[in-house]
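> Protein sequences appear in the order of chains V and P.
Numbering of the first sequence is given in this note's numbering, commencing with residue 454 and proceeding in unit increments.
Numbering of the second sequence is given in this note's numbering, commencing with residue 454 and proceeding in unit increments.
2 protein chains.
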Amino acid sequence: MTAEAHDISRAFRDEHGWEILAEFASLLRIPNVTGEIDDLRRNAAAIKTLFEDRGASIEVVELQGASPVLVGELRTADATATVGVYVHYDGQPVDQSRWRVGPFDATLMSGPIHAGAAEVAYPDSATEIDPEWRIYARGASDDKTPLAALAAALDALVMAGRERSIDLVFLFEGEEESGSPNLDRYMTELAPRLEADLWLLCDGPVHQSRLPQVAFGARGYSGFDLTFYGPERELHSGHYGNWVPNPAMELAQFLATCKDSAGAVTIPGFYDDTWPMSDADRSAIDALPPVEETLQEELGFAGPELEGASYSDRLMRPSFNVRGLAAAAVGSEGRNVIPSEATASVDMRLAAGDDPTTMLRRVVAHLGAAGYVVLEADPTPEQRRAHRRLARLTPSPGYRAVRIPMDSDVARLLLEACGRASGMEVVALPTFGGSIPLYLFEDLLKAPVAVLPIANHDNNQHAPDENVRVANLWYGIDLWATLLTTDFSAVRRS
Amino acid sequence: MTAEAHDISRAFRDEHGWEILAEFASLLRIPNVTGEIDDLRRNAAAIKTLFEDRGASIEVVELQGASPVLVGELRTADATATVGVYVHYDGQPVDQSRWRVGPFDATLMSGPIHAGAAEVAYPDSATEIDPEWRIYARGASDDKTPLAALAAALDALVMAGRERSIDLVFLFEGEEESGSPNLDRYMTELAPRLEADLWLLCDGPVHQSRLPQVAFGARGYSGFDLTFYGPERELHSGHYGNWVPNPAMELAQFLATCKDSAGAVTIPGFYDDTWPMSDADRSAIDALPPVEETLQEELGFAGPELEGASYSDRLMRPSFNVRGLAAAAVGSEGRNVIPSEATASVDMRLAAGDDPTTMLRRVVAHLGAAGYVVLEADPTPEQRRAHRRLARLTPSPGYRAVRIPMDSDVARLLLEACGRASGMEVVALPTFGGSIPLYLFEDLLKAPVAVLPIANHDNNQHAPDENVRVANLWYGIDLWATLLTTDFSAVRRS
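(1) For the region 783 to 798 of chain V and the region 817 to 830 of chain V, state whether three or more C-beta atom pairs, one from each stretch, are separated by less than 8 Å.
(2) In the DSSP assignment, find the unbroken alpha helix (DSSP H) run with Glu685(V) in it and report its ends.
(3) On the criterion of 16 or more Cβ atoms from any shown chain inside 10 Å, does Lys597(V) qualify as buried, or is it exposed?
(4) Looking at Pro848(V) and Gly632(V), is the spacing between their C-beta atoms short of 7 Å?
(5) Using only alpha-carbon positions, find the residue among Pro883(V), Ala900(V), Ala475(V) and Thr641(V) that is nearest to Asp766(V).
(6) Under 8 Å, with one C-beta from each stretch per pair, do the region 697 to 712 of chain P and the region 719 to 739 of chain V reach the 3-pair mark?
(7) Is there a Cβ of chain P sitting closer than 7 Å to that of Glu687(V), yes or no?
(8) When DSSP builds the beta bridges, which residues end up paired with Val611(V)?
(9) Is it the case that the region 545 to 561 of chain P contacts the region 886 to 898 of chain P, given that we only count it when at least three CB pairs across the two stretches are under 8 Å?
(10) By Cβ distance below 7 Å, which residues in the same chain neighbour Asp940(P) in space, the five residues on each side in sequence not counted?
(11) So with CB distances below 9 Å, who are the chain V contacts of His915(P)?
(12) Do you know how far the Cα of Met812(V) is from the Cα of Leu759(V)?
(13) To the nearest angstrom, how far is it from the Cα of Arg672(V) to the Cα of Asp739(V)?
(14) Please classify Gly886(V): does DSSP put it in a helix, a strand, or coil?
(15) Please confirm if Phe669(P) has its CB atom under 7 Å from at least one CB of chain V.
(16) Quick one: Cα of Leu898(V) to Cα of Ala644(V), how far?
(17) Closest to Ile937(P) by CA distance: which of Ala602(P), Val573(P) and Ser578(P) is it?
(18) Please check if any C-beta of chain P sits within less than 7 Å of the C-beta of Gln517(V).
(19) With which residues is Ile619(P) paired in a DSSP beta bridge?
(20) Cα separation between Gly518(V) and Gln706(V)?
(21) Measure the Cβ-Cβ separation of Pro698(P) and Glu794(P) and say whether it is below 7 Å.
(22) In whole angstroms, what is the alpha-carbon distance linking Glu748(P) and Asp491(V)?
(23) Looking only at its own chain, which residues have a Cβ that is under 7 Å from the Cβ of Cys871(P), when we skip the five neighbours before and after it?
(24) When you check each C-beta in the region 920 to 943 of chain P against every C-beta of chain V, which residues fall closer than 9 Å?
(25) I need the straight-line Cα distance from Asp543(V) to Gly657(V), nearest angstrom please.
(26) Please classify Ala839(V): is it buried, with 16 or more other beta-carbons within 10 angstroms of its beta-carbon, or exposed?
(27) I'd like to know whether the C-beta atoms of Arg802(V) and Gly691(P) end up nearer to each other than 7 Å.
(28) Hey, is the region 727 to 734 of chain P in contact with the region 831 to 838 of chain V, meaning 3+ C-beta pairs nearer than 8 Å?
(29) Identify each residue in the region 582 to 593 of chain V for which the Cβ-Cβ distance to at least one residue of chain P is less than 9 Å, and report them in chain order.
(30) So which residues of chain V does Leu752(P) contact, with C-beta pairs closer than 8 Å?
(31) The beta strand (DSSP E) with Pro809(V) in it runs from where to where?
(32) Flag this pair as touching only if the region 912 to 921 of chain P and the region 676 to 692 of chain V have three or more C-beta atom pairs under 8 Å; answer yes or no.
(33) Looking at C-beta atoms only, is the number of pairs between the region 813 to 822 of chain V and the region 854 to 867 of chain V that lie closer than 8 Å three or more?
(34) Using 7 Å as the limit for Cβ to Cβ distance, is Pro757(P) near chain V?
(35) Near Phe894(V), which residues of its chain fall below 6 Å by C-beta distance, leaving aside the five closest residues on each side in sequence?
(36) Which same chain residues end up closer than 7 Å to Gly508(V) when comparing Cβ atoms and leaving out the 5 residues on each side of it in sequence?
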């Protein structure tokens with residue numbers, strides 16, 4: 454009887470785990486802040502080498518004004534289907550002062566840093582590796598983990614002499630954290646080299662219960678920075694306070710009209726286009742392990758925004774999140790002034806059915822109804838003197854949500870593979886809470902797409918002290934070893 | 454006939470204006486950010502020399518943990534009364550990136566920098582000085598101008614052989630911009646050396662109409678930083694947005710309950726203790742030159758917070774001003790997170806009758822009514838998990854407002870002196886909008902106190918590009934020459 458793929462990969466990482474960690478750490482030490490093009494090019498070059506070393510044919514393509522993508526393939530004899538693998542190698546900006554370790558040092562820790570874990574030396578061939586160790590770095594979980602996991606799984610199968618069952622095509626992007634502004638151009642241009650029966654992404658975390666999960670969709674994204682204007686320059690608040698309009702107070706007043714105290718967005722029409730929940734959705738959600746109490750304890754808060762709300766229910770709806778506020782200064786830097794302007798940064802996560810442009814239009818209409826003249830640039834001196842209520846709305850690039858049927862062959866094969874790889878129950882999630890530009894795979898590559906997360910849920914994605922738990926990297930390797938040897942002929946489309 | 458004091462001072466500054474500007478500039482080049490004790494000591498030493506050079510006896514006194522004060526006197530034969538002079542030599546913090554000139558370079562400009570003025574070389578004895586020139590520096594208007602004006606006025610009288618009519622006592626403070634936390638200790642300790650029939654302050658700007666003014670009071674101060682708490686660390690807004698509470702949105706919602714859209718503060722009891730406006734107040738206010746349209750044009754906004762509100766009316770009431778907001782980040786630094794905390798910094802200007810502690814208590818009660826547990830420190834992990842709504846309120850030191858009768862001898866003499874010095878109509882202001890700890894003069898020094906501003910109203914006090922117009926410095930010199938030769942026997946108290 455042939456060995457199971459996950460047994461092959463386990464044996465491989467028992468022996469070579471220290472080398473896997475070392476190779477991953479060297480990738481994480483290349484800074485990857487989105488928009489930093491020189492750093493991103495260095496990442497692309499390193500990733501090209503990583504997969505060429507595993508026999509793939511891979512090319513770095515760079516369109517004018519865009520961060521490079523990697524496109525490539527790794528074929529096999531008698532492939533049952535072609536599976537596309539999408540990964541993004543850029544990461545969110547880092548505020549170094551708020552990290553407890555260097556964001557690009559790839560520090561290995563004995564556990565969660567916020568729980569007082571100590572630094573651990575990288576292992577050598579004689580060291581036993583504790584799966585509760587964590588590697589801290591921007592990109593450790595979001596989204597360099599799948600690169601390391603796939604590379605190690607390929608090594609494991611080769612070492613064991615085991616044939617792969619699928620052809621792979623690759624698309625690795627370098628500006629997902631900037632909203633993927635050029636992914637459509639890349640996909641359009643490279644479409645002939647990206648033909649696949651199914652695309653897989655490994656972005657985002659596994660379920661909060663630590664069970665593996667497959668997400669059959671992801672929310673879309675729309676967002677904006679909104680600036681209100683007061684006097685042309687900061688004014689002494691004693692001499693002018695409460696006569697001259699205060700943009701910080703007016704911004705607070707406007708934001709308060711966007712959401713009620715029960716957590717419902719009150720921008721007219723906000724929920725109008727969201728698909729109603731189907732019976733299948735309802736059943737899937739009801740089958741999800743309850744996570745609320747554990748999450749509250751882990752994340753450090755006393756109760757949800759909307760009292761009694763189910764976590765998974767909330768992901769089926771669009772969200773309105775104030776991700777930042779700024780006006781003049783607070784604390785020891787505070788000055789007794791009327792601020793000259795005040796800004797809120799907002800992200801909206803879109804549910805299936807919501808259109809990003811329509812959502813922004815509703816915000817603009819809501820501003821208009823509150824008496825604001827909405828500009829796309831800073832106001833001129835004349836505009837400041839002509840309009841009592843002035844706002845600047847700067848939209849972020851957005852995209853719609855995607856969901857695929859949970860009773861399809863794709864779904865069945867993926868859930869089975871995750872189950873074999875992990876030996877655990879698998880969570881079937883109707884939609885992922887985070888945003889991924891899945892619509893491009895549907896529209897431009899004409900293929901279904903699903904998300905198989907690898908990283909731990911407490912990975913501090915997008916925040917200081919991002920990390921990946923070693924046990925999750927190990928799961929990623931076992932998962933890829935399993936996928937690479939799975940018969941995907943049921944989803945073959947031609 | 455004896456020459457008028459203001460003619461003496463005019464002749465003096467016609468000849469020595471270039472030396473006055475040079476001496477003032479050297480004082481402004483000593484950084485004076487409040488709280489920076491070493492810099493403040495250098496200022497104190499320089500000011501001591503400035504007045505010792507004019508024959509004053511002056512001492513630097515420094516209490517433990519406080520910024521130094523200067524205390525001193527300059528007596529004359531046959532003085533009609535003793536006048537105390539209070540000045541503060543510290544300035545607000547500077548955000549250098551937002552200044553168009555170095556905040557401690559004392560750059561001389563041909564006019565207002567925001568209107569495109571060019572730098573001007575400091576004059577020599579042969580240069581004609583344009584009174585529309587401005588000196589840019591932190592402290593140029595708030596509050597080093599009176600030091601330069603008084604020193605030059607003393608020189609002018611000595612040069613002309615003119616006797617002074619009053620004894621002077623001095624109290625120069627170095628932490629007014631930190632809320633004068635030790636002024637009471639200093640006044641209590643130094644009271645025997647601070648006996649005077651009347652205290653004068655020259656803080657704040659002249660009237661917006663550019664007419665000279667006397668303020669018969671100033672508003673008090675109370676303020677606080679208010680922080681709301683969300684999850685223990687920033688969370689990915691896609692995975693957790695609109696399930697985990699967002700402290701930025703909740704802060705906006707709370708602030709919106711503090712003020713209505715017409716600009717009325719809606720914290721229960723906020724206006725309860727404010728003295729009602731008397732007929733005399735009403736008449737004084739009605740006699741003030743209208744400034745609203747000019748101010749809107751100059752300050753760059755289209756209309757007041759409360760439509761149709763009179764500027765001077767608003768100063769008779771307490772204010773609630775959001776001086777700063779902060780949560781995570783906005784703009785290019787923005788991250789897709791639920792902020793872990795959000796802070797608003799608020800200053801309240803108190804009208805006569807309001808008590809600073811009571812006002813803070815009303816804010817705390819309003820937070821309590823909204824369901825917040827109010828702490829004085831950051832919450833513990835246990836508190837975060839126990840209370841759905843947590844706030845930290847950090848109060849700033851505050852004090853009450855002061856007003857003195859407008860039909861007193863003090864008022865008459867000061868209005869007459871300003872009129873003679875300027876040759877203009879004088880604005881009689883029932884209260885100044887800014888906050889000055891006048892109550893200490895009443896309570897600890899048992900003397901009436903009035904405010905005679907010197908600086909131009911568009912001086913960017915507390916903001917980047919603070920400046921003083923040379924014409925205003927000239928007025929300050931003429932004012933002090935006049936005050937020093939005025940018969941103040943009508944206000945003599947012993």
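A virtual CB, placed ideally from N, CA and C, is assigned to each residue, including glycine.
Inspection of the coordinates gives the following:
(1) With the rule of 3 Cβ pairs closer than 8 Å, the region 783 to 798 of chain V does not count as touching the region 817 to 830 of chain V.
(2) From DSSP, Glu685(V) is part of no alpha helix (DSSP H); its letter is neither H nor E.
(3) Burial check for Lys597(V): the Cβ neighbour count within 10 Å reaches 16 or more, so the residue is buried.
(4) Note that the C-beta distance between Gly632(V) and Pro848(V) is not below 7 Å.
(5) Ranked by Cα distance from Asp766(V), the first of Pro883(V), Ala900(V), Ala475(V) and Thr641(V) is Pro883(V).
(6) At 8 Å Cβ cutoff, the stretches do not touch.
(7) Taking 7 Å as the CB threshold, Glu687(V) lines the interface with chain P.
(8) Bridge partners of Val611(V) according to DSSP: none are assigned.
(9) With a cut-off of 8 Å, the region 545 to 561 of chain P and the region 886 to 898 of chain P do not count as touching, because too few Cβ pairs lie within range.
(10) A distance below 7 Å between beta-carbons, with the five flanking residues on each side excluded, links Asp940(P) to the following residues of its chain, in chain order: Thr533 and Ser618.
(11) The CB of His915(P) comes closer than 9 Å to the CB of Glu687, Leu688, His689, Ser690, Gly691, Arg788, Asn789 and Val790 in chain V, given here in chain order.
(12) Computed Cα separation, rounded: 22 Å.
(13) Put simply, the backbone Cα of Arg672(V) is about 19 Å away from that of Asp739(V).
(14) Of the three classes helix, strand and coil, the one that applies to Gly886(V) here is strand, per DSSP.
(15) Chain V, which has no Cβ nearer than 7 Å to the Cβ of Phe669(P), makes this no.
(16) Roughly 6 Å between the two C-alpha positions.
(17) At residue 937(P) the sequence reads Leu, which differs from the Ile that was named. When the alpha-carbon of Leu937(P) is set against those of Ala602(P), Val573(P) and Ser578(P), the nearest one is in Ala602(P).
(18) So, not an interface residue.
(19) In DSSP, Ile619(P) forms a bridge with Ala534(P).
(20) When rounded, the distance between both Cα atoms is 39 Å.
(21) Using a Cβ distance threshold of 7 Å, Pro698(P) and Glu794(P) do not count as a contacting pair.
(22) At residue 748(P) the sequence reads Leu, which differs from the Glu that was named. Whole-angstrom Cα-Cα distance: 49 Å.
(23) Excluding positions up to five away in sequence, the list reads Pro665, Val667, Val879, Leu905 and Leu932.
(24) Answer in chain order: no residues at all.
(25) Taking the straight line from one Cα to the other gives about 14 Å.
(26) Under this definition Ala839(V) is an exposed residue.
(27) The answer is yes: Cβ separation under 7 Å.
(28) No: fewer than three Cβ pairs fall under 8 Å.
(29) Flagged: no residues at all.
(30) Chain V residues near Leu752(P): Pro684, Glu685, Arg686, Leu688, Tyr693 and Val697.
(31) Per DSSP, Pro809(V) belongs to no beta strand (DSSP E); it is in the alpha helix (DSSP H), Pro809 to Ala822.
(32) Touching, yes.
(33) Using a Cβ-Cβ distance cut-off of 8 Å, the region 813 to 822 of chain V and the region 854 to 867 of chain V are not in contact, since fewer than three pairs of beta carbons, one from each stretch, lie closer than that value.
(34) Answer yes: the Cβ-Cβ gap between Pro757(P) and chain V drops below 7 Å somewhere.
(35) Apart from sequence neighbours up to five positions away, the residues of its chain that approach Phe894(V) with a beta-carbon distance below 6 Å are Trp652, Ala900 and Val902, ordered along the chain.
(36) The answer, listed in chain order, is Leu527.
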